[in-house]
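Structure first, commentary second.
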DNA sequence: CGATCCGTTGACAATACTCAACACTCGTGG
DNA sequence: CCACGAGTGTTGAGTATTGTCAACGGATCG
């Protein structure tokens, strides 16, 4: 899995919006693959921001620990995601990031990111679009954590994962792998692990979610989406047309050139 | 109130990172002021994304309406904020935006935004930084809506506003104006309006929050922050040093010029 | 085999919601 | 100037949802 396979850049490529050189530059961010074990931290809250990562294999999540001992999981990162863009523009990490299962990450520096974004407005807007979409998922979670029942929260969470995993071909027969413990699911949804267990049982009794260890099967995804009041607008990976042809607007380039 | 007074750009200016021309470009986004009444929508969910706004006067908020009739308020916009950056990179609005009280906004187009961001990497990073900070506040709300009691949620909400308003000189004698109804406060915090009322009473009885109509006074802001487990890292408006001297990195400009 | 982690289930407690009644403010129109 | 109504906030009573604590069973792994 590579950044080029990220649904956003897939869409760029489908529209012929990426040059060969741009694709090469993107791949240049993935030159230092590093193996990481389950539970390995990529960084801690309050660390200095110096690097970002592309997640090649495995799952990761960002989180905040609270004084009370509770934990809130913020984002789930899947293969092809960029990790750490949330901290772009801050001096220190606002959240820690840990691997869930084992995997591979490719760290790259602030400097490298600037260079890629500066090289091409298309790449810059693609990277920003990926970051914006990650934030949109988090925003959506605020909506359902704030306003939905435990059943709807869990249903929404699972259906969102189902869609994200479908897009990277990680769903077969409506079945996918969920490497999170029920306590971790609770930390993402603002529920206790006990209540997550009960809620899974309810969804099973309603025939909406079958689960065997880490295998999750959704016999009727549409029914699940409907009970969660799921609206998929926020997962739309299509970019508005002005973004798909940015080569024209380089007034900065021209101006700087005239100055030089 | 103007975009130049936004804490992020204030910090740029303090560091001499903005040229006269850059300041002029920023002000160019504020050329079409429009008066808006209380409750006026700026746009609705699912509208086509065509414009953004700078909020000159008054308060606004973005929100999502749920099928159940409930509403979740996402962001609160104060004077000097940019509205709509959340939808940057999407074709359609993910949330509606409405004015809270009457005010003045300056709409500007996608095209204008591209031009400003393309003119200068400094301006681009400043605008991105403002958007990232807005998102950080929303993320923080997920943390406390997911994991805190009603008292802590309200305390956190009020203390965050207290800090934001302090920075735009809208707090006097620990007192500020809160033009939101208790139902709206509840819609932001995932609480019913009845419970917001009770929670205000509790905070009053503990001497942490005095309220008279829309006037809010915090007799002991530190005590309030402490009970809310408030950590102000996410409100830090300082930019990491690489952002404060971006004039050096314009390889894209040079390359494009050579090509031309 | 023993230890640990994870999930399940039961009993009970706490937090927050709903419904309802009422008070207060403010603007509008008689 | 008063009456009315809409909107907002307060308080009480009862309910619902979710959390906490605890005990137990099954899986995994050394």
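Protein chains in written order, with my numbering: chain A, 779 to 1038; chain B, 779 to 1038. Glycine is no exception: its CB is placed at the ideal position from the N, C-alpha and C atoms. Note that this is a predicted model, so its numbers are computed, not measured.
* To do: Anything in the region 960-991 of chain A with a Cβ closer than 9 Å to a Cβ of chain B? List those residues in chain order, please.
  => 965, 966, 967, 968, 969
* Counting only the same chain and skipping the five closest in sequence on each side, list residues whose C-beta sits under 8 Å from that of residue 978 of chain A. => 932, 960, 987, 989
* Helix, strand or coil at residue 908 of chain A according to DSSP, with G and I counted as helix -> Three-state DSSP puts residue 908 of chain A in a helix.
* Alpha-carbon spacing of residue 1013 of chain B relative to residue 997 of chain A, whole angstroms -> 44 Å
* To do: Classify residue 924 of chain A as buried or exposed, calling it buried when 16 or more other Cβ atoms lie within 10 Å of its own Cβ.
  => If you draw a 10 Å sphere on the C-beta of residue 924 of chain A, you find 16 or more other C-beta atoms in it, and that means buried.
* Please check if any C-beta of chain A sits within less than 8 Å of the C-beta of residue 934 of chain B. => no
* Asked: Shortest alpha-carbon distance to residue 804 of chain B belongs to which of B:785, B:901, B:980, B:951?
  -> Selected option, being the one with the closest Cα: B:901.
* Please look up how many angstroms separate the CB atoms of residue 869 of chain B and residue 1016 of chain A, rounded, as I've assumed it's under 8 Å. => 6 Å
* **CB of residue 807 of chain A within 8 Å of CB of residue 890 of chain A, strictly** => Between residue 807 of chain A and residue 890 of chain A, the C-beta gap is smaller than 8 Å, which places the two residues in contact.
* To do: Give a yes or no on whether the minimum CB-CB distance between residue 815 of chain A and chain B is below 8 Å.
  => no
* To do: Provide the residue(s) that pair with residue 833 of chain A in DSSP beta bridges, ordered along the chain.
  => In the DSSP assignment, residue 833 of chain A is bridged to A:883.
* Can you name the residues of chain A whose CB is closer than 7 Å to the CB of residue 806 of chain B? -> Chain A residues near residue 806 of chain B: none, gap ~13 Å exceeds 7 Å.
* Asked: Quick one: what's got a C-beta closer than 7 Å to residue 999 of chain A's C-beta in the same chain, skipping five residues either side?
  -> 937, 940, 952
* Asked: Considering only the beta carbon of each residue, do residue 886 of chain B and residue 830 of chain B sit closer than 8 Å?
  -> yes
* **Inside the region 953-991 of chain B only - alpha helix (DSSP H) runs reaching at least 4 residues** => 960-967, 971-983
* To do: Pick helix, strand or coil for residue 917 of chain B, following the three-state DSSP scheme.
  => In the structure shown, residue 917 of chain B falls within a helical segment according to DSSP collapsed to helix, strand and coil.
* On the three-state DSSP scale, how would you describe residue 826 of chain A? -> strand
* Asked: What is the DSSP secondary structure of residue 877 of chain A, reduced to helix, strand or coil?
  -> Here residue 877 of chain A sits in strand by DSSP.
* To do: Mark residue 1041 of chain A as exposed unless 16 or more other C-beta atoms lie within 10 angstroms of its C-beta, in which case mark it buried.
  => No answer is possible for residue 1041 of chain A: the residues shown for chain A start at 779 and end at 1038.
* To do: Could you tell me whether the Cβ atoms of residue 782 of chain A and residue 832 of chain A are closer together than 8 Å?
  => no
* **Beta-bridge pairing of residue 775 of chain B - partner residues as DSSP gives them** => Summary: the structure shown does not reach residue 775 of chain B, with chain B confined to residues 779 through 1038, and so no result is reported for it.
* Locate the beta strand (DSSP E) running through residue 995 of chain A, then write down its first and last residues. => 993-995
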